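Undergrad: Top to bottom, those sequences are chains A and B.
Per my numbering, the very first residue in the first sequence carries number 1; after that it's consecutive.
Per my numbering, the very first residue in the second sequence carries number 1001; after that it's consecutive.
Backbone N, C-alpha and C define an ideal beta-carbon position, used for all residues, glycine too.
Model, not experiment: these values are computed from the prediction.
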Amino acid sequence: NAGVMQNPRHLVRRRGQEARLRCSPMKGHSHVYWYRQLPEEGLKFMVYLQKENIIDESGMPKERFSAEFPKEGPSILRIQQVVRGDSAAYFCASSRGHLPYYEQYFGPGTRLTVT
Amino acid sequence: AQTVTQSQPEMSVQEAETVTLSCTYDTSESNYYLFWYKQPPSRQMILVIRQEAYKQQNATENRFSVNFQKAAKSFSLKISDSQLGDTAMYFCAFMAGGSQGNLIFGKGTKLSVKP
């Protein structure tokens, strides 16, 4: 059973471009979570999604950031008009059911660099 | 708002010895969960151990155990018989009972196991 897959692993964007980060959860997992890790910091929760629904987006910046988890295909975290402050590692995690009753498995992360 | 504090940015330990990593948290919730995650150089987050706040017994997973002091809001991780593969960043995390997916992480402790 493959783990949580994220691609790309590294992404370089110029200021003002769009960044699309993809996350494929583990097989059988319908819950997806996105976190951001700034240098020398812990992970910060961004959004929690189930198939076709956003459950909790309390950690998402109000502008430029959006997330989706369609019925088919990976979850996408989209950052429009990137700025230098968006440079970070973005981690996706998935679980079979609601936390904390089910374990959350993390992907390897996407490192976004904005130049 | 809940906060998680890890007061030791870096620690080192000799192989085969025991080390304790500190974590304190602040919350007004009565129902919550605590976690320790390991982030090796590969950067993939791995769950080490978890503790339910309503359980008085300290959680144990092989060489890893916690000292959960609910009144003091302290949740330290003890690693016995340290191995070179334990070298990693260790993050303490908190989740309120009703939050489903919103994990709050500390800033981490960098642990180096020396041969």
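1. What are the residues that DSSP puts in a beta bridge with D56(A)?
2. Mind listing the chain B neighbours of H98(A)? Cutoff is C-beta to C-beta under 9 Å, in chain order.
3. Relative to the alpha-carbon of E1061(B), which residue among L1084(B), G1097(B) and K1078(B) has its alpha-carbon at the smallest distance?
4. Chain A beta carbons: is any one of them nearer than 8 Å to that of Y1033(B)?
5. Taking Cβ-Cβ distances shorter than 8 Å, what residues in chain A pair up with S1042(B)?
6. With the cut-off set at 8 Å, would you say Y1032(B) and A1059(B) are in Cβ contact?
7. Compare the C-beta of I55(A) against all C-beta atoms of chain B and say whether one is closer than 8 Å.
8. Can you grab the Cα-Cα spacing for the pair G85(A) / V114(A), in whole Å?
9. Considering only the beta carbon of each residue, do Q50(A) and S66(A) sit closer than 8 Å?
10. Helix, strand or coil, according to DSSP, for L99(A) in the structure here?
11. Rounding to the nearest angstrom, what Cα-Cα distance links S1022(B) and E72(A) in this structure?
TA: Here's the rundown:
1. Y48(A)
2. Q1100 and G1101
3. K1078(B)
4. yes
5. P108
6. no
7. yes
8. 8 Å
9. no
10. coil
11. 42 Å
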